[in-house]
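Enquirer:
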Amino acid sequence: SSTPIKVAVTGAAGQIGYSLLFRIASGDLFGPHTPVELRLLEIAPALPALEGVVMELLDGAFPLLDSVQIGDNPEKVFDGVNAALLVGARPRGPGMERRDLLEANGAIFSAQGKALNNGAAEDLRVVVTGNPANTNALIALSNAPDIPASRFTALTRLDHNRALAQLAAKLHCPVRELNRMTIWGNHSASQYPDIFSARRGEQSISDLIDDQHWLEQEFIPTVANRGAAIIAARGSSSAASAASATIDHLRDWVLGTPNQDWVSMAVPSDGSYGVAEGIVSSFPCTAQDGEYRIVPDLELNDFSRARIDASVSELLEEREAVTQLGFL
Ligand code: NDP
2 SSTPIKVAVT GAAGQIGYSL LFRIASGDLF GPHTPVELRL LEIAPALPAL
52 EGVVMELLDG AFPLLDSVQI GDNPEKVFDG VNAALLVGAR PRGPGMERRD
102 LLEANGAIFS AQGKALNNGA AEDLRVVVTG NPANTNALIA LSNAPDIPAS
152 RFTALTRLDH NRALAQLAAK LHCPVRELNR MTIWGNHSAS QYPDIFSARR
202 GEQSISDLID DQHWLEQEFI PTVANRGAAI IAARGSSSAA SAASATIDHL
252 RDWVLGTPNQ DWVSMAVPSD GSYGVAEGIV SSFPCTAQDG EYRIVPDLEL
302 NDFSRARIDA SVSELLEERE AVTQLGFL
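For the sequence shown, UniProt numbering begins at 2 and goes up steadily by one.
Put into structure tokens, the structure is as follows:
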């Protein structure tokens, strides 16, 4: 009955894509009554593999999946899309310096920003999962001058979910009892998972756990290094949880966050909490009627302030590097 939503996914033949596409097709992103049209972007060498994924998608016989188009031209694939999940990014290869990585991804995300600017739908919403996600989002929005910057976001929801999982394990409680977790800053080792506003039900976490050693030596490093732990255990990266978090991010943005709770999203800074404008940094956000809002007026202690400032400095360095490369 409702109009289909056109959803673009890049890097669609990759590991995250393999999990993500089936979740979107089954209705996990926009709910059980909204049909979707998938538009899948890949680099040319990955198109044959992507054709195999499309066969599997069709074989899912998903009632909500109206159509699937694939291609390697962002202008064509992004034409008229309402949502873009930018997953594909250049991984760090052997001998590649950080500068090489920023350069390769700068080329990808500036081209994709331009293509979205030229052809996406008026209500476009973008989430960048491909790393370095925050700076890739900044590059895309800078190359899409006709789209409000606020429509470009990056994924820190996986870090948020990992933090909830660690806290639930510590408190021996289900994740659903926890609320108001926050990830601040960059989706990188410098991210700051902040439990000082978090609660179990209505009880403050700081009252339940008063253990700075656990916070600094266990909780924060475990959350920040979880990706590496999964690679070590599984022999490949954390693709299903990254896909799941990407769904969570966009679904909550579009359909809204629960009352009394918030989520973490990397969004263009409006200067809130002293975070410099002109970067895409993670904040606590609520969403309603398809618009997110940074949660105002939280108190930050000195420990939190220092951690946030350190992650923001890293984002400013990344911005400086891509500015010098000419992508902004
Ligand atoms: P994945 O699908 O595993 O990962 C894709 C991106 O997501 C990477 O940048 C990865 O970062 C990032 N990521 C973010 N969070 C996580 C997480 N928790 N765990 C793992 N990755 C995370 O990579 P694949 O190599 O399997 O697939 C990438 C696909 O993208 C390939 O098929 C490639 O052809 C395609 N691609 C498409 C482009 C395009 O459409 N124009 C451009 C470039 C590539 P990290 O590298 O840090 O792990």
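Don't be surprised by glycine CBs; every beta carbon is placed ideally from N, CA and C.
What residues sit near the ligand NDP, counting only those whose C-beta is closer than 6 Å to one of its heavy atoms, in chain order?
Expert: Matched residues: 11, 12, 14, 15, 16, 17, 18, 42, 43, 44, 47, 88, 89, 90, 91, 92, 109, 130, 131, 132, 159, 228, 238, 239, 240, 243.
Enquirer: Taking its Cβ as the centre, do 16 or more other Cβ atoms sit within 10 Å of residue 114, making it buried, or is it exposed?
Expert: When all chains shown are included, residue 114 counts as buried.
Enquirer: For residue 128 and residue 174, I'd like the C-alpha separation in whole angstroms.
Expert: Rounded to the nearest angstrom, the two C-alpha atoms are 30 Å apart.
Enquirer: Write down the C-beta distance between residue 82 and residue 130 rounded to the nearest angstrom, noting that I regard them as a contact closer than 8 Å.
Expert: Not confirmed; about 16 Å, so no contact.
Enquirer: Does DSSP classify residue 154 as helix, strand or coil?
Expert: If DSSP states are grouped into helix, strand and coil, residue 154 belongs with the strands.
Enquirer: For residue 170, which residues from the same chain have a beta carbon less than 6 Å from its beta carbon, with the 5 sequence-adjacent residues on both sides left out?
Expert: Excluding positions up to five away in sequence, the list is empty.
Enquirer: Nearest-angstrom Cα distance between residue 269 and residue 215?
Expert: Rounded to the nearest angstrom, the two C-alpha atoms are 31 Å apart.
Enquirer: For the beta strand (DSSP E) containing residue 283, name the first residue and the last one.
Expert: First-last of the beta strand (DSSP E) with residue 283: 281-289.
Enquirer: Using alpha carbons as the reference points, say which of 72, 167, 143, 24 lies closest to residue 206.
Expert: Among 72, 167, 143, 24, the Cα nearest to that of residue 206 belongs to 167.
Enquirer: Just to confirm before moving on: does the CB-CB distance between residue 276 and residue 286 stay below 8 Å?
Expert: Result no, Cβ atoms of residue 276 and residue 286 do not sit closer than 8 Å.
Enquirer: What would DSSP say about residue 22, mapped onto helix, strand or coil?
Expert: The answer is helix: DSSP assigns residue 22 an H, G or I state.
Enquirer: Applying the 10 Å Cβ sphere with the 16-neighbour rule, what's the burial state of residue 186?
Expert: Per the 10 Å Cβ criterion, buried.
Enquirer: Counting C-beta neighbours from all protein chains within 10 Å, is the total for residue 281 16 or more, i.e. buried, or is it exposed?
Expert: Classification of residue 281: buried, given that the 10 Å Cβ count is 16 or more.
Enquirer: Name, in chain order, the residues that DSSP records as bridge partners for residue 195.
Expert: Beta-bridge pairing links residue 195 to 183.
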